[in-house]
Amino acid sequence: MPSINTDFTDDEIQQLEAVRVQWGLADVNEAAEFLAKRALRLGMVKMTGRSRAMNLVSLEDFERTTE
Numbered sequence: 002m003p004s005i006n007t008d009f010t011d012d013e014i015q016q017l018e019a020v021r022v023q024w025g026l027a028d029v030n031e032a033a034e035f036l037a038k039r040a041l042r043l044g045m046v047k048m049t050g051r052s053r054a055m056n057l058v059s060l061e062d063f064e065r066t067t068e
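Residue numbers (the numbering used here): 2 to 68.
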């Protein structure tokens, strides 16, 4: 995933630290990434009614499947 610099408040860091400990993640940035991905997955389920796999697809793979 691309690196994005984010500034968290002390309260947000405290909440992310709780998530990090609960899920055994390496740091608060990984916890923030985990929560963002989880929110996307849950949003997709609410929109479509189905669970979808989110996988990184390269342009070459996409072009190969659309030919």
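Here a beta-carbon is modelled for each residue, glycine too, at the ideal position from N, C-alpha and C. Model, not experiment: these values are computed from the prediction.
Exercise. Between Val46 and Ser52, what straight-line distance do the alpha-carbon atoms span, to the nearest angstrom?
Worked result: Indexing the sequence shown from 1 puts residue 46 at position 45. Indexing the sequence shown from 1 puts residue 52 at position 51. When rounded, the distance between both Cα atoms is 5 Å.
Problem set entry | Leu17, buried or exposed, once every other Cβ within 10 Å from all chains shown has been counted against 16 | Taking the sequence shown and counting its residues from 1, the one referred to as residue 17 is at position 16. Per the 10 Å Cβ criterion, buried.
Exercise. Rounded to a whole number of angstroms, what is the C-alpha to C-alpha distance between Asp28 and Arg39?
Worked result: Indexing the sequence shown from 1 puts residue 28 at position 27. Indexing the sequence shown from 1 puts residue 39 at position 38. Taking the straight line from one Cα to the other gives about 17 Å.
Exercise. Nearest to Thr10 by alpha carbon, out of Gly25, Glu61, Ala33 and Met48?
Worked result: Here residue 10 refers to the residue found at position 9 of the sequence shown. For Thr10, the closest alpha carbon among the candidates Gly25, Glu61, Ala33 and Met48 is that of Ala33.
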